[in-house]
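Take a look at the structure set out below.
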């Protein structure tokens with residue numbers, strides 16, 4: 016049996032709250048798409064928490080704890096199509112720094128890159144958002160996208176979500192309320208809805224490549 020421990024480096028506290036819930040579900044979803052070669056246990060919590068934004072410092076932390084995890088996820092919002100190339104360089108900088116510092120295998124460094132912002136992934140499943148808010152009306156009635164791909168086309172998905180929350184809960188929110196909401200949505204989201212997003216499909220493809228590298232699943236060509 017493999018105990019598939021993981022860590023994630025995220026841009027902000029609300030992003031971390033969301034991805035700490037979504038990542039174990041995404042791992043489980045990947046194994047459902049590609050049958051595991053042996054029994055896998057996926058922990059709900061990450062092995063260690065990486066802090067800071069300076070690449071070399073984060074790489075040093077990760078390499079120091081490298082025996083505690085098998086795969087690392089690196090989050091970076093793209094800011095839109097025009098910034099996606101820069102995002103790739105920015106996100107992969109941590110992967111490269113870990114490879115240089117402690118020979119971390121590049122394929123086991125998986126980039127999480129929602130188009131524009133994390134909220135584009137959150138808004139891909141309007142039913143999950145309304146459920147987390149305790150709202151019984153339709154997603155469209157509070158201005159949420161009607162289908163997943165529309166969420167990726169939003170220029171400011173964070174603002175779209177913020178305005179929807181205000182319509183339901185009012186304007187007074189604390190940062191911990193936002194984190195709880197993001198985690199609650201991540202728990203409710205349909206992976207099939209997320210898979211309709213090009214950025215999530217790219218993430219899942221890279222994740223499966225990492226699992227093949229780790230001999231957790233077979234190569235599709237085998």
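Numbering (my numbering), first residue to last: 16 to 237. Cβ coordinates follow ideal geometry from the N, Cα and C atoms, glycine included.
Going by Cα to Cα distance, which pick from the options is closest to residue i?
{"i": "residue 6", "options": "234, 130, 179 and 160", "result": "Residue 6 falls outside the range modelled here, since the chain spans only 16 to 237, and no answer is possible."}
{"i": "residue 197", "options": "182, 133, 117 and 116", "result": "133"}
{"i": "residue 63", "options": "151, 26, 31 and 83", "result": "83"}
{"i": "residue 204", "options": "33, 25 and 18", "result": "33"}
{"i": "residue 90", "options": "160, 208, 185 and 67", "result": "67"}
{"i": "residue 173", "options": "150, 139 and 151", "result": "139"}
{"i": "residue 163", "options": "156, 210, 185 and 199", "result": "210"}
{"i": "residue 70", "options": "81, 216 and 113", "result": "113"}
So what's residue i in DSSP terms, helix, strand or just coil?
{"i": "residue 27", "result": "coil"}
{"i": "residue 88", "result": "strand"}
{"i": "residue 56", "result": "strand"}
{"i": "residue 110", "result": "helix"}
{"i": "residue 22", "result": "strand"}
How long is the line joining the alpha carbons of residue i and residue j, rounded to whole angstroms?
{"i": "residue 30", "j": "residue 16", "result": "31 Å"}
{"i": "residue 181", "j": "residue 43", "result": "33 Å"}
{"i": "residue 51", "j": "residue 125", "result": "19 Å"}
{"i": "residue 234", "j": "residue 178", "result": "44 Å"}
{"i": "residue 109", "j": "residue 143", "result": "32 Å"}
{"i": "residue 227", "j": "residue 156", "result": "43 Å"}
So, under 8 Å CB-CB, residue i and residue j are touching, yes? Tell me the CB distance rounded to an integer number of Å.
{"i": "residue 88", "j": "residue 57", "result": "Incorrect: roughly 13 Å between the Cβ atoms, too far for contact."}
{"i": "residue 232", "j": "residue 49", "result": "4 Å"}
For this session: With a floor of 4 residues, list each alpha helix (DSSP H) that falls wholly inside the stretch 159–205, ordered by position along the chain.
Result: List check, alpha helix (DSSP H) in window: 163–168, 172–184 and 190–203.
Problem set entry | Within the stretch 124–150, ranges of the alpha helix (DSSP H) (whole runs, at least 4 residues) | 133–137 and 141–148
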